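In full-length UniProt numbering, the protein residues as written are 1 to 733.
Presented below is the structure to which this report refers.
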Ligand code: NAD
C-alpha cells in the first residue's frame with residue numbers, strides 16, 4: 001500500500017495500527033490526499049483476512065488533528081462558481097454535492113466495513129477529525145491535559161457535515177446534542193466520557209494497548225445505530241418526549257442566534273429530520289444541508305475572517321521583514337490599576353517575568369492580587385494547580401521604584417489617561433531602561449505621535465492597546481506613531497504572539513480603529529433614545545442585529561463618565577461640531593445630574609441590584625424629550641442603523657489610512673467589539689451586500705437621520721465600479 005500521510009503496521013495478533021503523521025506539517029489536517037490514504041487503509045483492512053481490525057492514531061506529539069483543511073472547503077466554493085458558469089446551476093450543484101459529501105461516504109464506509117475500527121486519541125481532535133473518531137466503533141482518549149475533542153464548525157459558519165450531527169444525536173439526549181453542536185466547545189476527556197461521546201479515558205502510556213484490546217477482545221464492528229432494535233436516547237421525534245424537546249429547541253435557537261446563523265438553523269433541521277430516518281438516509285439529509293451551508297455568504301465570510309485572516313495575523317502577517325525575532329524575557333507594566341493588573345496577569349501567564357510598578361507598593365500589590373484571584377478561579381474550576389499559581393505569582397515583582405525596570409525588554413504603560421502623567425512616566429522610565437527597550441502605551445484615546453514627543457527615543461515608542469477585560473479579550477491594537485520604527489513594531493507583534501492574542505496594526509489617529517466604531521454604535525443608541533425609541537427596543541435591535549450586547553448596555557460597561565470625558569475632550573480639541581449635542585446632553589444628565597456612571601457604580605442605563613439581574617433603569621423614559629410608540633417604529637431600520645453606523649465609520653477609517661488591510665478591520669471588529677460575527681466583520685458586511693447597496697442604504701439613512709451616515713468618497717467610487725475592499729487589497733498587493 002502506498003501511503004503518504006499514514007504509517008500502517010500490523011502486529012502479530014493481526015491488529016493493524018494506522019498512524020496519521022503528515023509529512024512537513026506540525027498538525028494533521030484532512031485533505032483529499034488524506035482521504036485517499038484512509039480509503040486505501042479501509043480496503044486493505046477489509047481485504048486481508050489476517051487483519052482483525054484497525055486502530056487509528058496520530059504520530060504528532062501533541063495532537064490528533066485539527067479537522068478538515070478549510071481552504072479545501074473554500075476551494076469547493078470556487079469549483080462550484082466555475083462550474084455554474086460553464087455547465088449551469090444544476091450540474092454544478094450535483095458535482096458540488098458529490099464532492100462535499102465524499103468525507104461522509106468515506107466515514108460511512110469505515111463504519112460499515114465489517115471489521116472494528118478504534119480511534120486512539122491524544123491531544124486535540126476536532127471537527128472532521130472527531131467525526132472520524134465518531135465513525136469508529138470504539139473511542140479511547142488519553143487523559144493528558146492537552147486532549148480535547150469537539151465539533152467547532154459552527155464558529156466559522158459551518159456545521160459538522162461528515163456525520164457529526166447524526167452520530168452525536170444518536171449518542172446523547174437530543175437537547176444535549178443540540179447544545180454541543182450549537183456551542184462548538186472543545187471538551188476535556190472526562191467530560192467527553194460522561195457525555196457519552198467516547199468510551200474510555202486512559203493514561204497516555206496505555207492508549208494504544210487499550211485501543212488494541214477492544215479488537216483483541218472481539219469488540220463489535222457494528223455501530224449502535226446499525227444494530228437491530230436501536231433506539232435514540234431521547235426516543236422518537238414524534239412522541240410526547242419529542243414534543244418536550246423541539247419547541248423549546250426552536251425557541252432557544254431564536255434567542256441565541258436571532259436567526260442570523262444559517263448553519264445553526266441547519267443543525268436543527270438536520271438533527272430533526274435525520275433522527276426520523278435510518279443512518280444512510282440521515283447522512284444524505286445532513287449532506288444536503290451541508291452543501292447548502294457551504295455556499296452561504298455567511299460561511300464564506302466567517303471562514304475568511306475567523307479562520308484564514310486570523311491565522312495569518314497570528315502568524316505575523318504584518319511583521320516587518322528582516323527584523324530578527326525579539327526575545328522578551330522581562331516586561332515592565334506601569335500602573336497596576338484595572339488594565340495594568342490584567343496585562344501583568346496575561347504576561348506572567350505566558351511565562352515572562354513582570355515588574356509591576358505603581359505609585360506605591362500598596363497599589364502595586366493590589367494589582368498583583370488580581371492575578372492571584374484569576375488563577376484561584378482557574379484552580380476552583382480544576383483548570384490549574386496551586387503550583388501554577390505559585391509559579392505565576394513568583395514571576396510578578398511589585399515595586400514603586402523605577403530602578404527595578406532597568407533590565408526590561410519591553411514596557412507596557414497603563415497609567416492614568418492624562419498626557420502630563422504619561423509624559424512624566426516615560427521620562428522616568430527612559431532614565432533607567434536600556435536604549436533598545438521598547439515602550440508601549442496602552443492609551444485608549446491619546447494620539448501616539450503626540451505622546452511620543454516626551455520620549456527621547458520615539459522610534460521605540462508604540463501603542464499597545466488592550467481591551468478590557470484583558471484576560472478575556474483576544475484583540476490587541478498596535479498603533480504606529482509617525483516616528484515608530486520597525487524594531488518596535490516587530491517587538492510589539494512578538495509580544496502579542498507570546499501572550500496568544502491577535503494583533504492588528506493601525507496608524508495613529510484619534511480613537512484609532514476599534515473605539516471609533518464602538519463610539520459610532522454607542523452614539524446611535526444615544527440618538528435613538530433621544531428620538532424617543534423605547535430603551536428595551538434599542539437594546540433588542542442591537543442584539544437582533546447580531547451584536548453581543550445592546551449599545552446602552554455596552555456604554556454601561558465602558559462607563560458613562562468616560563464617554564462624557566471623551567465627548568468633552570473631543571469638543572475642546574477638535575471643536576463643537578465634532579460632538580453631537582443630543583448625546584452630550586444625555587450624558588451630562590446621566591452623569592452629572594443623576595450620578596449614573598454605569599456598571600461600576602451599579603447605576604447606568606441599567607440598574608445593577610446586588611445579587612440580582614440587571615434591568616433597564618425605569619427613569620430613562622423621564623429623560624427622553626419625546627416618546628415614540630413601539631408599533632410605529634421600523635425595527636429593521638433600527639437594526640440597520642446600528643450596523644451601518646459602525647460599518648460606515650470603519651470605511652472612513654479605512655479611507656483615512658488608519659487601517660490599511662481589510663483583514664485587520666474585519667478580525668479587529670469581531671474580536672474587539674463583537675461586530676455581528678455572521679457578517680465576517682465590518683468591511684465584509686459591506687462587501688457582502690455590495691458597495692452599491694450599502695451606499696444606497698447610507699443615503700437613505702443620511703436623508704432621514706443626518707450626515708453621520710454620509711458615505712465616504714471611496715465607497716461611492718466602489719459603488720460605481722462594483723469594487724470591494726478585498727478586491728482593492730488584492731490589487732494593491
Ligand atoms: P486605572 O485608574 O484603573 O489605573 C491607573 C493606575 O495607574 C492606577 O493604579 C494609578 O495608581 C497608576 N498611576 C497613575 N499615575 C502613575 C504614575 N505616575 N506612576 C505609576 N503609576 C501611576 O486606569 P485603567 O482603566 O487601568 O487605565 C489605564 C490606561 O489604560 C489608560 O491610559 C486608559 O485609557 C487605558 N485603557 C483603559 C481601558 C479600560 O477599559 N479601562 C481600555 C483600554 C485602555
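Ideal Cβ placement from N, Cα and C applies to all residues, glycine included.
Just so we're clear, the structure is a prediction, and the values are computed from it rather than from any experiment.
Cutting at 6 Å between CB atoms, please list the residues of its own chain near residue i, excluding the five before and the five after it.
i	result
residue 307	70, 156
residue 196	171, 172
residue 22	5, 28
residue 389	375
State yes or no: is the C-beta of residue i within less than 8 Å of the C-beta of residue j?
i	j	result
residue 767	residue 119	Here the chain has residues from 1 to 733 only, and residue 767 is not among them.
residue 344	residue 356	yes
residue 458	residue 481	yes
residue 524	residue 641	yes
residue 35	residue 103	yes
residue 233	residue 173	yes
residue 68	residue 150	no
residue 506	residue 667	no
residue 158	residue 293	yes
residue 207	residue 138	no
residue 681	residue 305	yes
residue 616	residue 606	yes
residue 133	residue 111	no
residue 27	residue 63	yes
residue 449	residue 508	yes
residue 203	residue 141	no
residue 358	residue 367	yes
residue 739	residue 331	Residue 739 lies beyond the range of the chain shown here (1 to 733); nothing can be said about it.
residue 409	residue 328	yes
residue 53	residue 152	no
residue 314	residue 497	yes
residue 558	residue 584	no
residue 286	residue 163	yes
residue 533	residue 633	yes
residue 548	residue 302	no
residue 638	residue 541	yes
residue 348	residue 392	yes
Using DSSP with H/G/I as helix, E/B as strand and the rest coil, what is residue i?
i	result
residue 382	coil
residue 507	strand
residue 102	helix
residue 666	helix
residue 7	strand
residue 138	strand
residue 31	coil
residue 608	coil
residue 440	strand
residue 432	coil
residue 640	helix
residue 357	strand
residue 58	strand
residue 411	strand
residue 466	strand
residue 480	strand
Once you ignore the five residues that flank residue i on each side, which residues in its own chain have a CB closer than 8 Å to its CB?
i	result
residue 561	591, 597, 598
residue 418	none
residue 264	154, 159, 182, 253, 256, 257
By Cβ distance below 7 Å, which residues in the same chain neighbour residue i in space, the five residues on each side in sequence not counted?
i	result
residue 492	438, 440, 462, 464, 478
Report whether the distance from the Cβ of residue i to the nearest heavy atom of the ligand NAD is below 7 Å.
i	result
residue 445	yes
residue 29	no
residue 468	yes
residue 463	no
residue 510	no
residue 417	yes
residue 340	yes
residue 358	yes
residue 334	yes
residue 518	no
residue 471	no
Continuous beta strand (DSSP E) assignments of at least 3 residues falling wholly in the stretch 255–319: none
Which complete alpha helix (DSSP H) runs does the stretch 181–251 hold, if anything under 4 residues is left out? 189–194, 207–216
Just to confirm the assignment: which complete beta strand (DSSP E) runs, minimum length 3, are found wholly within the stretch 484–540? 502–507
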